[in-house]
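The opening position of the sequence shown corresponds to residue 0 in numbering that gives the first Met the number 0, with each subsequent residue numbered one higher.
Working notes for the structure below.
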Amino acid sequence: MDPPVCSPWGRFGCYLLLFACPIIFASIMKKEFIGRTAKSLSLALAIFSGCIFGSVLPAWSQEIVAGELERCFLAMPESVLPIVTMEERNDLCRRAGHLSGFTHTASLESSLGGTVTFLLNRNFIRIQTSTVGEVFMRILPFSDSSSVICVVTTVLHPVADSRIDFYTTEWKPLKTDRFWQQPRIEDFFLPHTDRQSYAYQAIYASLTPSYMQVSLSEESDTLSIRQTVTETLAEEEKPLAAIFLSPEPLVYRWQSGRFVRQVR
């Protein structure tokens with residue numbers, strides 16, 4: 000039987016198919032390669048953008064808050080911070096501005112005597128003197144478009160005692176009870192304290208007036224309060240007070256525009 004004979008057009012079709020297959024296959028592979036490459040480049044660009052904006056934007060926003068806090072610090076009335084003159088405030092900010100990082104510190108010799116130490120940490124400022132006490136200052140969010148300034152002033156001698164004040168960012172005084180409820184000495188007593196006992200009645204009379212030290216957190220919008228009235232007691236009274244009073248401080252967190260006490 001004779002082998003089948005392929006027509007010229009058939010041979011041409013076979014040659015064309017043999018020639019076209021590698022081209023089509025290469026084209027498909029090229030498109031897949033381009034597609035994979037495009038996807039890889041898109042993913043890399045997204046990761047790169049996330050790294051850039053994820054690191055730059057928070058740092059940029061923190062610098063804005065720190066700048067606003069510094070502005071408020073320089074505009075603080077002397078009645079709020081009499082221990083540091085306006086010239087000394089400018090000097091402290093200038094010295095702290097030359098340092099790198101999110102926490103800036105500086106110190107100088109006060110004209111009123113002693114050393115003044117200045118710490119600026121994002122939205123937190125602490126001014127400490129070696130002879131008088133310390134002042135904490137923090138800007139707290141109040142609403143979507145406004146903030147309040149919280150200032151804690153502490154006198155360290157004879158025992159630490161603090162006062163909390165609130166202001167607008169233009170230093171207009173605000174009512175304190177709008178932003179927190181000051182604790183009483185009863186809030187420091189241990190649970191299940193027998194307040195009818197003779198020992199409780201005896202020590203309670205020695206706990207007034209109540210001295211308390213307030214500390215603003217450097218890292219979060221919280222404050223802690225510890226009672227210091229026991230430091231004024233006679234040595235024989237301190238063991239009795241320790242039976243009723245908790246050694247742990249009270250903790251308040253800024254929530255919905257006011258400090259709210261956290262449950263122990």
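Glycine residues also receive a C-beta, built at the ideal position from the N, C-alpha and C atoms.
This structure is a prediction, so every number in the text was calculated from the model and none was measured.
Can you give the Cα-Cα distance for residue i and residue j, rounded to whole angstroms?
i: residue 164; j: residue 257; result: 13 Å
i: residue 85; j: residue 254; result: 33 Å
i: residue 172; j: residue 71; result: 14 Å
i: residue 252; j: residue 259; result: 5 Å
i: residue 195; j: residue 167; result: 44 Å
i: residue 226; j: residue 212; result: 6 Å
i: residue 129; j: residue 182; result: 28 Å
i: residue 67; j: residue 87; result: 19 Å
i: residue 140; j: residue 223; result: 19 Å
i: residue 169; j: residue 79; result: 13 Å
i: residue 156; j: residue 235; result: 22 Å
i: residue 174; j: residue 103; result: 31 Å
i: residue 76; j: residue 147; result: 15 Å
i: residue 197; j: residue 249; result: 26 Å
i: residue 238; j: residue 261; result: 27 Å
Please state if the CB of residue j and the CB of residue i are separated by a distance shorter than 7 Å.
i: residue 243; j: residue 178; result: no
i: residue 91; j: residue 74; result: no
i: residue 247; j: residue 158; result: no
i: residue 265; j: residue 240; result: The structure shown does not extend to residue 265, since the chain spans only 0 to 263, so no value can be given for it.
i: residue 162; j: residue 149; result: no
i: residue 209; j: residue 232; result: no
i: residue 135; j: residue 121; result: no
i: residue 153; j: residue 133; result: yes
i: residue 151; j: residue 215; result: yes
Give the secondary structure of residue i by DSSP, where H, G and I count as helix, E and B as strand, and everything else as coil.
i: residue 243; result: helix
i: residue 25; result: Any reading at residue 25 must be qualified, since the residue scores a pLDDT of 44, below 50, and its modelled position is unreliable; the value itself is stated next. In this structure, residue 25 counts as helix in the three-state DSSP scheme.
i: residue 166; result: strand
i: residue 132; result: strand
i: residue 89; result: helix
i: residue 99; result: Because residue 99 sits at a pLDDT of 44, beneath the cut-off of 50, its placement in the model cannot be relied upon, and the following sentence gives the value as read from the coordinates. It is coil, neither helix nor strand.
i: residue 202; result: helix
i: residue 82; result: coil
i: residue 189; result: coil
i: residue 125; result: strand
i: residue 77; result: coil
i: residue 70; result: helix
i: residue 94; result: helix
i: residue 19; result: Note on residue 19: pLDDT 43, under 50, position unreliable in the model; the coordinate value appears next. Three-state result, residue 19: helix.
Would you list the one or two residues that DSSP bridges to residue i?
i: residue 108; result: 114
i: residue 138; result: 148
i: residue 175; result: Residue 175 pairs with nothing; no bridge assigned.
i: residue 161; result: 153
i: residue 119; result: 103, 124
Of all Cβ atoms in chain C, is any one closer than 7 Å to the Cβ of residue i?
i: residue 137; result: Included in the structure is just one protein chain, with no chain C present.
*Along the chain, which unbroken stretches of the alpha helix (DSSP H) at least 4 residues long are found entirely within the region 207-262?*
For the region 207-262, the full-length alpha helix (DSSP H) segments reaching 4 residues or more read 237-243 along the chain.
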